[in-house]
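First comes the structure, then the notes that go with it.
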Amino acid sequence: MMITNKFNTDGLTAAQVLAARKKYGQNVSLYKKTNRYTLAMIRIIKEPMMILLFIASSIYFLSGKLADGFFLASAIVLIAAISSYQNARSRNALEQLKNFTRPKCKVIRNGNSVEIKTEEIVIGDSLLVEEGILIAADGIICHSNDFSVNESILTGESMAVSKDKATDDNAIYQGTTVVGGLAIATVTAIGSETKLGKIGKSLEAIKEEKTPLEIQISNFVKKMALAGAVVFFIVWGINYFHTFNVFDSLLKALTLAMSILPEEIPIAFTTFMAIGAWRMMKEGIIVKQMKTVETLGSATVICIDKTGTITQNKMSLAKIFSLKSEKITDLEGSISEEEKKLITLSMWASEPIPFDPMEIAIHEAYSKVIEKDQRPDFKLVHEYPLSGKPPMMTHVFENKSGTKIIAAKGGAEALMKLSLLTSDNKTIILKAIQELSQEGYRVLAVGETHNTTSNYPKTQQEFKFEFIGLLAFYDPPKKNIKLVLQHFYRAGINVKIITGDNSLTTSSIAQQIGFKGYEKSISGDELMKLTNKELKKCVRDTTLFTRMFPEAKLKIINALKSNKEIVAMTGDGVNDGPALKAAHIGIAMGKKGTEIAKQAASLILVNDDLSKMVHAIAMGRKIYANIKKSIQFIISIHIPIILTVFIPLVLGWRYPNILSPIHIIFLELIMGPTCSIVYENEPMEKNTMAQEPRPFTSTFFNWKELSTSIIQGLMITIGTLFTYQYCICNGYNEQYTRTMVFIVLVTANIFLTLMNRSFYYSIFTTLLYKNNLVPLMISITIFITGILLYIKPFAKFFAFESLSIPLLCMAIGVGFLSVIWYELVKLWKRNFKEFKA
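See below:
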């Protein structure tokens, strides 16, 4: 991004940049970190399932069953490989997110201002910092305009500090934030050599706290592990009492403990969240915190600003109103000297390097209508930054002969208050404002004052201005915004506009885009006077909030939260920081957003496109729904495994050791990839965005969902135990019985995978969902099961018998029937009951 340079420095040349980088390195803080592969190995070794597998394989080796021991040892390697792959996917996704969220900065090089990545700064660079920027390196100020900075990260002092090249402390420091004005500093330290780097704080790391859902899942797994440990000792004691065989008793107890542990759940959760965030990043949505993915599907209200969110942020100066002529003029026609003066003063009230779209439009208009450009002759000598309610700004320019220009622009109410106006003047101005606002124009007032001394008042509000006129800007609505609003409304999400603009302009634009509730609005000053009770009612019933300032925005967000709403909010300015942080989902704009807004937000829209927020909410709902499907699948399939191992053992049936650790591990290897790979890849169901936002509760499953999984698991258990007893009644040996029970479990696993792709739509509908991993995983499962049954060495190792076609069909049929019954429940939901997620 190139910006015209108007400062007295050319910065470094390309050759000097390369030389400095070679000598001093990149602007990256390097800290001693634990090797991530070592951490991954430690994490895998500490997993309860791995510990149980290691114990079981050791027992096999000690008891002389070398083949079984080697099989479990290889299972340890295979499970470690799968876990490592899943963790690597999650880690790589998070690394890419980390790279995207690193801030950029502006430097002057080769006479131009260019935007670069912060790590590309070198010693000697001319760093350009302005309001809202997070400073990326240490440096010495060589030029500044009314510059102030917040250094609380280093000093703990929250008050802003004013600085220029003449002050005792004329340095800027990495990690601090610019509160106001603009400065150019020569970079003196980068990376670990900065003041912040030496303290040992790294601003690059995205610290991920555990989300409420992650804590719930972690607690659930811990409880299951504890239950497994208790059952392990009970079963070991019972078996040892009956057989007095230590190793055999241990293996039977370990089999049950392994069947209880749902170790796939944490892996599935991490994979879903990280890969989900990575998929969003590919769509131009950067999620900075994993908890945001969790919250997205629950959003009930989205608060949006007008400029750049609803509108294109492509300002054009369309009309002007001069108080002297008392008429509104279209810029396309000829303009008088008074109107030229109005445009000229508005240019002097703008930044010399315009970044704001309105100021760019003003500079463009000045270039078109003024024949002799005076900008090179004057220098900015004093600046009053944007402040007040509504805000305004004042600039003081001076030329070599000492001629001064003091110009101000801002909210019409602000300048009218500071100007000497008759009641007739006020009536004429208000009429012009109303006429322009009703047409959807954004209105700015322009004023001037005179001051011959160099002693300027502390605040711009102490000046007495001459009211010159009004500027009317047109910022057309985005083409897709009407459709975006319809998507939000359809998804049960209320939309509220919170803007600093006046009510007439905002209402006009709101009406054009089909915004609900454009007729009624409230201003920031009116809002601040409300009692808590009135405020809660107001934020519930009102959708248009105008002339808002930071305190009012924050008050709206907190009031919505106290109404139990889950609030998303868009913002881009420095003053939006508190409200963005307070919202459940703070959304910063990637292009027009300041670094402070991006730091405060939990989500960044790369291209400032609000339609991406619809996509983000849909993705949040999809990820949450797919995690639920995955965990419900795990619960449903674990129940029959646990009970098929436990019941014959405790009740003393003929073949009490029907499944051993090697069978459990095989089933675990089928289930793990199914729940964390297949379900993560599931597409969004077609009714997802037609549902109301899901309640944001402290419990992951409600009883209805949990009971569905338990009943599904119990039905599969009935199928396996029915098959078990059928085999015994017909005099089949242990190998035949084991094989039949195992086939029922594998078949139920396959059909449950298909069945739980939707708890509403039919299996015939979900078979059409595009997910190439489903047929792949099912094919691999069937192929490996076939090998275990019909290739002699494998069948012998697993203690299976090759089944005849009728017996095989019977086992498959029982597995199928133990799952397919749920289709009747879905049919009932679709036809007799309104589905609620």
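The numbering used here puts the first residue of the sequence shown at 3, with every later residue one more than the last. In this text, a Cβ means the ideal position worked out from N, Cα and C, and glycines have one as well. Nothing here was measured: the structure is a model prediction, and the numbers come from that model.
- Under the three-state reduction of DSSP, Gly-471 is assigned to strand.
- Per the coordinates, the alpha-carbon of Gly-404 lies some 11 Å from the alpha-carbon of Val-383.
- Annotation: the continuous beta strand (DSSP E) that includes Asn-496 extends over 496-500.
- In this structure Ile-499 touches Phe-547 by the C-beta definition: roughly 7 Å separates them, less than 8 Å.
- If the five residues before and after Cys-731 are omitted, its C-beta is found closer than 7 Å to no C-beta atom of its own chain.
- Cα atoms of Lys-108 and Gly-141: separation of roughly 14 Å, rounded to the nearest angstrom.
- By a beta-carbon distance limit of 8 Å, Ala-320 contacts Tyr-476. Their separation comes to about 4 Å.
- Within the region 98-178, the runs of alpha helix (DSSP H) at least 4 residues long that lie entirely inside it are, in chain order, 154-157.
- Assigned with DSSP and collapsed to three states, Phe-323 falls in strand.
- Rounded to the nearest angstrom, the Cβ distance from Ile-470 to Lys-343 is 7 Å, consistent with a contact under 8 Å.
- Contact between Gly-299 and Tyr-626 is confirmed by a C-beta separation of about 5 Å, below the 8 Å threshold.
- The C-alpha of Ile-495 is placed about 7 Å away from the C-alpha of Pro-695.
- In the three-state reduction of the DSSP assignment, Ile-568 falls in the coil class, being assigned neither a helical nor a strand state.
- If the five residues before and after Asn-172 are omitted, its C-beta is found closer than 8 Å to the C-beta atoms of Ile-142, Ile-143, Lys-165, Asp-166, all from its own chain and listed in chain order.
- About 14 Å separates the beta carbon of Ile-288 from that of Leu-582, a gap too long to meet the 8 Å contact definition.
- Here Arg-492 is exposed. Its C-beta has fewer than 16 other C-beta atoms within 10 Å.
- If the five residues before and after Arg-23 are omitted, its C-beta is found closer than 7 Å to the C-beta atoms of Val-124, all from its own chain and listed in chain order.
- Here Ile-217 is exposed: its Cβ has fewer than 16 other Cβ atoms, across all protein chains shown, within 10 Å.
- Residue range 381-389 is occupied by the beta strand (DSSP E) that includes Tyr-386.
- Residue pairing from DSSP leaves Thr-311 without any beta-bridge partner.
- Taking the C-beta atoms as reference points, Tyr-762 is found no nearer than 8 Å to Lys-688.
- Excluding its 5 nearest sequence neighbours in each direction, Lys-25 has no C-beta neighbour in its own chain below 6 Å.
- One thing to note: Glu-682 has its Cβ within 8 Å of the Cβ of Ile-277.
- Going by DSSP, Ile-720 is part of the alpha helix (DSSP H) stretching over 705-731.
- When C-alpha distances from Ile-219 are compared across Phe-234, Ala-270, Gly-193, Ile-174, the shortest belongs to Ala-270.
- For the pair Asp-503 and Lys-316, the CB atoms are not nearer than the 8 Å cut-off.
- Within its own chain, the residues whose Cβ lies closer than 7 Å to the Cβ of Thr-331, once the five positions on either side in sequence are excluded, are Lys-321, Ile-322, Ile-337, Glu-341, listed in chain order.
- Boundaries around Ile-789 are those of the alpha helix (DSSP H), 775-792, since no beta strand (DSSP E) includes it.
- Counting the other Cβ atoms within 10 Å of the Cβ of Gln-601 gives 16 or more, which makes it buried.
- The region 576-617 is shown to contain whole beta strand (DSSP E) runs of 3 or more residues at 587-591, 605-607, in chain order.
- Under the three-state reduction of DSSP, Thr-548 is assigned to strand.
- Segment contact: the region 558-567 against the region 532-547, three or more CB-CB distances shorter than 8 Å; contact assigned.
- Within the DSSP bridge table, the entry for Lys-406 names Glu-400 as partners.
- The DSSP-derived three-state label of Gly-412 is strand.
- DSSP links Val-448 through a beta bridge to Lys-411, Gly-471.
- Pairing Thr-755 with Phe-635, the inter-Cα distance amounts to about 7 Å.
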